[in-house]
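Residues 19 to 319 (the UniProt record's numbering) make up the sequence shown, in order.
Heads up, the thing below is written out as structure tokens.
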Amino acid sequence: TSKFKEGLTKTRTAFVGKIEDLITRRKKIDEMFYEELEEILIGADVGVNTVMELIDDLRAEVKKRKIENAAELQPILSEKLVDLLKGNASTSLRMADQGMTVILFVGVNGVGKTTTIGKLAHKFKSEGKSVLLAAGDTFRAGAIEQLEVWGKRVGVDVIKQESGADPAAVMYDAVHAAKQRGVDVLLCDTAGRLQNKHNLMEELNKIFRVIQREVPSAPHEVLLVLDAATGQNALSQAKLFGEKSGVTGLVLTKLDGTAKGGIVIAIRNELDLPVKLVGLGEKMDDLQEFDSEQFVHALFG
Ligand code: GDP
């Protein structure tokens, strides 16, 4: 919880700080109150659609409970946010029932894909699992070296080929090596060409086929990595590439550096994809499994 709390400082100040200020300033729940609340939520990148729904919900609840004091609204707002963030899908990573777990990562350059892979490798290692990394992003200059830096830092091997090699060939090598070594978790970087959905699906399908030949139940997760600091942009990317591309979950990075943490709420409300992990800093330990209650708690608590 404290990691969440620390990481969400900027969002908390922008979001909850302003709400608290509004509550003490206006005291009564009236039209002006709702209007200002709406502005604050939109300003925190909760997204217009989600804000409208949330305000409608609040209005209904306020009416039902016959509340007039603004101070009484905060617990209701937290409740509504937790409900909204919870959704139905599980937020924990899906692991293989037995044998090796394979997780693929996709995302545009710079969102924090490599960093997330490194952090997750560290997390699995500290749980006593053996990990191998696959340098499947053969497209971006420096991607392989960067993954190797993380591999060294965390103490796990990286399977790679030359820059420009066929990613599917790298995956083939990686799955073979992982099987041979009896590795618990294989984390695969991909170039995940996100120029359009068609390219992404084509590349992923090719990789899927190679992996599934060796591990029929894999990949166990395909995680789309998004930079929370880009706010509504992250939401658009998630909408464009998240659904129907084989993506099974989202990772939201850089929540620590942004006041736009409300984007988590928009993404949860507008998409049918679970947020599985959040990045709360650049260091090895700065990765958390997403938990809606902890998240809202860290915001208001
Ligand atoms: P990639 O191109 O998607 O592989 O992105 P990188 O993993 O290289 O990350 C791009 C930059 O974002 C690097 O400087 C990382 O240190 C930084 N970064 C990644 N995740 C986080 C995060 O959760 N918080 C912060 N503050 N920085 C992050």
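All C-beta atoms in this analysis are idealised placements derived from N, C-alpha and C, irrespective of residue type, glycine included.
If you draw a straight line from the Cα of E180 to the Cα of C206, it is about 16 Å long. Per the coordinates, the alpha-carbon of P292 lies some 18 Å from the alpha-carbon of I135.
Take the alpha-carbon of A89 and the one of T29: they are about 20 Å apart.
In this structure S96 is in contact with V314, their Cβ atoms being roughly 5 Å apart against a cut-off of 8 Å.
At least one heavy atom of the ligand GDP lies closer than 8 Å to the C-beta of L298. For G319, no beta strand (DSSP E) run applies, since DSSP gives it neither H nor E.
Looking at the DSSP output, F123 sits in a beta bridge with D207 and L241.
Residue environment analysis places N287 among the buried positions, since at least 16 neighbouring C-beta atoms fall within 10 angstroms of its C-beta. Per DSSP, the continuous alpha helix (DSSP H) segment holding K197 begins and ends at P185 to R199. Under a 10 Å Cβ-count criterion, E307 is classified as exposed, with fewer than 16 other Cβ atoms of the shown protein chains found around its own Cβ.
Checking the 8 Å criterion, the Cβ of Q164 is within range of a heavy atom belonging to the ligand GDP. Only residues of its own chain outside the window of five on either side were considered, and among them V149, V172, G173 and V174 have a CB closer than 8 Å to the CB of K143, listed in chain order. Burial state of D63 is buried, judged by a 10 Å Cβ sphere holding 16 or more other Cβ atoms.
Contact check for I58 against F33 passes: the beta carbons are separated by less than 9 Å. With a threshold of 8 Å, the Cβ atom of T156 does not count as near the ligand GDP, since no heavy atom of the ligand is closer than that. Where G136 is concerned, the enclosing alpha helix (DSSP H) starts and stops at K131 to S144.
One Cα belongs to K170, the other to G25, and the distance between them is close to 26 Å. By the CB criterion at 9 Å, A192 and L151 fall inside the cutoff.
Between the region 45–55 and the region 229–238 there are fewer than three inter-stretch CB-CB distances shorter than 8 Å, so the stretches are not counted as touching. K84: not part of any alpha helix (DSSP H); DSSP gives it neither H nor E.
Counting every other CB atom within 10 Å of its CB across the protein chains shown gives E221 a total of 16 or more, marking it as buried. Residues of the same chain with a CB within less than 7 Å of the CB of S108, apart from the 5 flanking positions on each side, are P292 in chain order. The C-alpha of T156 lies about 6 Å from the C-alpha of A183. Closest by C-alpha distance to A247, out of M302, Q164 and G128, is G128. Considered as a whole, the region 272–316 harbours 281–288 as its complete alpha helix (DSSP H) runs of no fewer than 4 residues, in chain order.
Contact check for L40 against L295 fails: the beta carbons are separated by 9 Å or more. DSSP places A152 within a strand segment (E or B) once states are collapsed to three. Note on geometry: alpha-carbon atoms of K224 and G117 lie some 22 Å from one another. Here the distance from the Cβ of A256 to the nearest heavy atom of the ligand GDP is not below 8 Å. With a contact defined as Cβ atoms closer than 8 Å, L289 and G260 qualify at about 6 Å. Between G154 and P185, the C-beta spacing is below 9 Å.
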